[in-house]
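*Asks:* Numbering (the numbering used here), first residue to last: 1 to 417. We put the CB at the ideal spot given by N, CA and C, even for glycine.
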Amino acid sequence: ALRAWHGVVTGGMRAEIAEALTLESGKPLAEADAEVGYAAAFIEFYAEQARRVGGDVLPAPTPDRRLLVAREPVGVVAAITPWNFPAAMITRKAAPAIAVGCSIVVKPAEATPLTALLLARAAEEAGMPPGLINVLPAGREDGVGVGAALCADERVRKISFTGSTEVGKILYRACADNVKRISMELGGNAPFIVFDSADVAAAAKAIMASKFRNSGQTCVCTNRLLVQAGVHDALVEAVSYEMSKLNMGHGLDPNTTIGPLIDAKAKAKVAGLVAGALADGAERAPLPAYTDVDCDGSLFHEPTLLLGVQPSMRIAAEEIFGPVLPIMKFEEEAEALRIANDTPYGLAAYFFSSDMAQCFRVAEALDYGMVGINEGLISNEVAPFGGVKASGLGREGSIYGTDEYTEMKYICIGNLS
Numbered sequence: 001a002l003r004a005w006h007g008v009v010t011g012g013m014r015a016e017i018a019e020a021l022t023l024e025s026g027k028p029l030a031e032a033d034a035e036v037g038y039a040a041a042f043i044e045f046y047a048e049q050a051r052r053v054g055g056d057v058l059p060a061p062t063p064d065r066r067l068l069v070a071r072e073p074v075g076v077v078a079a080i081t082p083w084n085f086p087a088a089m090i091t092r093k094a095a096p097a098i099a100v101g102c103s104i105v106v107k108p109a110e111a112t113p114l115t116a117l118l119l120a121r122a123a124e125e126a127g128m129p130p131g132l133i134n135v136l137p138a139g140r141e142d143g144v145g146v147g148a149a150l151c152a153d154e155r156v157r158k159i160s161f162t163g164s165t166e167v168g169k170i171l172y173r174a175c176a177d178n179v180k181r182i183s184m185e186l187g188g189n190a191p192f193i194v195f196d197s198a199d200v201a202a203a204a205k206a207i208m209a210s211k212f213r214n215s216g217q218t219c220v221c222t223n224r225l226l227v228q229a230g231v232h233d234a235l236v237e238a239v240s241y242e243m244s245k246l247n248m249g250h251g252l253d254p255n256t257t258i259g260p261l262i263d264a265k266a267k268a269k270v271a272g273l274v275a276g277a278l279a280d281g282a283e284r285a286p287l288p289a290y291t292d293v294d295c296d297g298s299l300f301h302e303p304t305l306l307l308g309v310q311p312s313m314r315i316a317a318e319e320i321f322g323p324v325l326p327i328m329k330f331e332e333e334a335e336a337l338r339i340a341n342d343t344p345y346g347l348a349a350y351f352f353s354s355d356m357a358q359c360f361r362v363a364e365a366l367d368y369g370m371v372g373i374n375e376g377l378i379s380n381e382v383a384p385f386g387g388v389k390a391s392g393l394g395r396e397g398s399i400y401g402t403d404e405y406t407e408m409k410y411i412c413i414g415n416l417s
């Protein structure tokens, strides 16, 4: 069923899903199509991984016993998914759950239900048994109640959530009463550190890929750019040049690279963070005007580069979730690590360096679940995705992803002498 689902998603329905994704979330069509491919990669990976989920035989302490370990499905899974990756965050949860024998109920974000419904239709067309994957759309008024019901229902044995840390904590508390299994991928405050030995041109391109995908509305996108003094001016120039190529517009326009923010509340938050930084002494780097948008521009925020940002500023402490890049200058490696780790979040971090000893040293010192070295895009289906501290619990993707949907059962067979 998973292989057939992959075939439908990547075949006849790919364009339809991508267009719906763009119309719902606003992300450029090229990015939406890439997300559909990314989503399908999880389906394919877990179709292959299903046959490799096994148990173990342990050495017994006495010769008349045999000790076995079996992996069994955890049971009914409820997945609560976000609007910023409305296809991939569903398949990254549903595919491993189905691969090990769990049925799943998906509660998609209020803003992006159609993408979820199209994925379910693709599963139906692929011949997936009825009831194996279920989609439960809910409006903004009903969403909280639906989430509470899923947490409270004892038939649901596992909750998988991707979203804000604030909501994650609410779900965590709600699952405590019946000791429900839970995994959560929550907020981030990703630092991107550029050391003096870095390839500046390569770093600038990686920063663009990391920061401006989906208009900066990703949990792993660069939130703070820390640049060592020796390459600061050169990097600012390189990033400014790359940012000058960005085009705001409707997601279906093939020239668009920056779409709208998801809603007016999101735009107000981003604008407020920028205004606060400027009031606190940051400076806006000169960039082209991005105001010529051939569609309703009410939810757009122009790409913004801020210089002279200090760690104490609000924009350096909160997840921006918009196309705004704050730059902080530092002198020494220890200073950069102190700033990077001074956050309750620990999802993703990035740095560029040509010093191999520094690469190992910094990667080990960063208090994050994922680290990209000389690379700005680190997510894929074969790597474990997840964070530490207030950025969540558990891992998704990779060979470890099925662990979240199985229970370990120990079996002891005795009197075999």
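When the Cα of Arg52 is compared with those of Ala70, Ala39, Asp64 and Met208, which residue comes out closest?
*Replies:* The residue given as residue 52 occupies position 52 in the sequence shown. Measuring from the Cα of Arg52, the nearest candidate turns out to be Ala70.
*Asks:* Bridge partners of Thr162, per DSSP?
*Replies:* The count along the sequence shown starts at 1 and reaches residue 162 at position 162. Answer is Glu185, bridged to Thr162.
*Asks:* So, Asp196 versus Gln217, is the Cβ gap smaller than 8 Å?
*Replies:* Position 196 of the sequence shown holds residue 196. Position 217 of the sequence shown holds residue 217. It is not a contact, given that the beta carbons lie outside the stated cut-off.
*Asks:* Taking the alpha carbon of Thr81 as the reference point, which residue from Gly143, Leu377, Leu2 and Arg66 has its own alpha carbon closest?
*Replies:* Start at 1 with the first residue of the sequence shown, and residue 81 comes out as number 81. Comparing Cα positions, the closest option is Gly143.
*Asks:* Reducing DSSP to helix, strand and coil, say where Lys265 ends up.
*Replies:* The sequence position of residue 265 within the sequence shown is 265, counting from 1. Helix at Lys265.
*Asks:* Let's test the definition: count the other Cβ atoms within 10 Å of the Cβ of Tyr241 and tell me whether it reaches 16, buried, or not, exposed.
*Replies:* Against the sequence shown, residue 241 aligns to sequence position 241. When all chains shown are included, Tyr241 counts as exposed.
*Asks:* Return the chain-ordered ranges of every alpha helix (DSSP H) run that is complete within the region 215-277 and spans a minimum of 4 residues.
*Replies:* 232-243
*Asks:* Taking three-plus beta-carbon pairs below 8 Å as touching, is the region 297-308 in contact with the region 241-261?
*Replies:* A contact between stretches requires three or more CB pairs, one per stretch, nearer than 8 Å, and the region 297-308 meets this requirement with the region 241-261.
*Asks:* Kindly confirm or deny that the region 118-136 and the region 3-10 touch, where touching means at least three C-beta pairs closer than 8 Å.
*Replies:* Using a C-beta cut-off of 8 Å, the region 118-136 makes contact with the region 3-10, since at least three inter-stretch Cβ pairs fall below that distance.
*Asks:* In chain order, what residues of the same chain lie with their CB nearer than 6 Å to the CB of Tyr38, ignoring the 5 residues before and after it?
*Replies:* Indexing the sequence shown from 1 puts residue 38 at position 38. Closer than 6 Å at Cβ, skipping near neighbours: Ala88.
*Asks:* Quick check on DSSP: helix, strand or coil for Lys107?
*Replies:* Here residue 107 refers to the residue found at position 107 of the sequence shown. Strand at Lys107.
*Asks:* Among Leu235, Val324, Arg155 and Arg92, whose alpha-carbon lies nearest the alpha-carbon of Ala275?
*Replies:* Counted from its first residue, the sequence shown places residue 275 at position 275. Here the closest residue by C-alpha is Val324.
*Asks:* Do the CB positions of Asn189 and Thr343 come within less than 8 Å of each other?
*Replies:* As a first step, residue 189 is located in the sequence shown; it is residue number 189 there, counting from the start. As a first step, residue 343 is located in the sequence shown; it is residue number 343 there, counting from the start. Their beta carbons are under 8 Å apart, which means Asn189 touches Thr343 by this criterion.
*Asks:* Once DSSP output is grouped into helix, strand and coil, what is the label at Met208?
*Replies:* As a first step, residue 208 is located in the sequence shown; it is residue number 208 there, counting from the start. Note: Met208 maps to helix in three-state DSSP.
*Asks:* Among residues of its own chain, excluding the 5 on either side of Arg121, which ones have a beta-carbon nearer than 6 Å to its beta-carbon?
*Replies:* Translated into the one-based positions of the sequence shown, residue 121 becomes position 121. There are no such residues.
*Asks:* For a test of the three-state rule: what should DSSP assign to Phe321, helix, strand or coil?
*Replies:* Within the sequence shown, the letter at position 321 stands for residue 321. Reduced to three states, the DSSP call for Phe321 is coil.
*Asks:* Which partner residues of Thr62 appear in the DSSP bridge assignment?
*Replies:* Position 62 of the sequence shown, counted from the first residue, corresponds to residue 62. Thr62 is not bridged to any residue.
*Asks:* Using the C-alpha atoms, what's the distance from Val105 back to Thr256?
*Replies:* On the sequence shown, position 256 is the one that residue 256 refers to. On the sequence shown, position 105 is the one that residue 105 refers to. If you take the alpha carbons of Thr256 and Val105, they lie about 34 Å apart.
*Asks:* How is Ala148 classed by DSSP in three states: helix, strand or coil?
*Replies:* Residue 148 sits at position 148 when you count from the first residue of the sequence shown. Helix at Ala148.
*Asks:* Per DSSP, what kind of secondary structure is Tyr400 in: helix, strand or coil?
*Replies:* What you label residue 400 is simply residue 400 of the sequence shown in a count that begins at 1. Residue state, collapsed to three classes: coil.
*Asks:* Which residues does DSSP list as the beta-bridge partners of Glu412?
*Replies:* Counting from 1 along the sequence shown, the entry for residue 412 is found at position 412. Correcting the residue type first, residue 412 is Cys in the shown sequence and not Glu. Answer by DSSP bridge pairing, in chain order: Leu67.
*Asks:* Could you say which of Ala316, Asn84 and Lys158 lies nearest to Leu273 if we only look at CA atoms?
*Replies:* Taking the first residue of the sequence shown as 1, we reach residue 273 at position 273. Checking every option, the nearest Cα to that of Leu273 belongs to Ala316.
*Asks:* Report, in whole angstroms, the separation of the C-beta atoms of Gly392 and Pro384, which I expect to be a contact under 8 Å.
*Replies:* Taking the first residue of the sequence shown as 1, we reach residue 392 at position 392. Taking the first residue of the sequence shown as 1, we reach residue 384 at position 384. So it is not a contact: roughly 12 Å between Cβ atoms.
*Asks:* Going by DSSP, what residue range makes up the beta strand (DSSP E) through Thr10?
*Replies:* As a working note, residue 10 is residue 10 in the sequence shown. Premise fails: Thr10 lies in the alpha helix (DSSP H), Leu2 to Thr10, not in any beta strand (DSSP E).
*Asks:* Straight-line CA distance for Phe212 to Glu185?
*Replies:* In the sequence shown, residue 212 corresponds to position 212, counting from 1. In the sequence shown, residue 185 corresponds to position 185, counting from 1. Computed Cα separation, rounded: 20 Å.
*Asks:* Would you kindly work out how many angstroms separate the C-alpha atoms of Thr402 and Ile207, rounded to a whole number?
*Replies:* The count along the sequence shown starts at 1 and reaches residue 402 at position 402. The count along the sequence shown starts at 1 and reaches residue 207 at position 207. One C-alpha to the other measures close to 32 Å.
*Asks:* May I ask which residues mark the beginning and end of the alpha helix (DSSP H) holding Phe85?
*Replies:* For this step, residue 85 is matched to residue 85 along the sequence shown. Looking at the DSSP string, Phe85 is not in any alpha helix (DSSP H), and its letter there is neither H nor E.
*Asks:* Going by C-alpha distance, which of Tyr350, Gly147 and Ala95 is nearest Tyr368?
*Replies:* Here residue 368 refers to the residue found at position 368 when the sequence shown is read from its first residue. Considering only alpha carbons, the answer is Tyr350.
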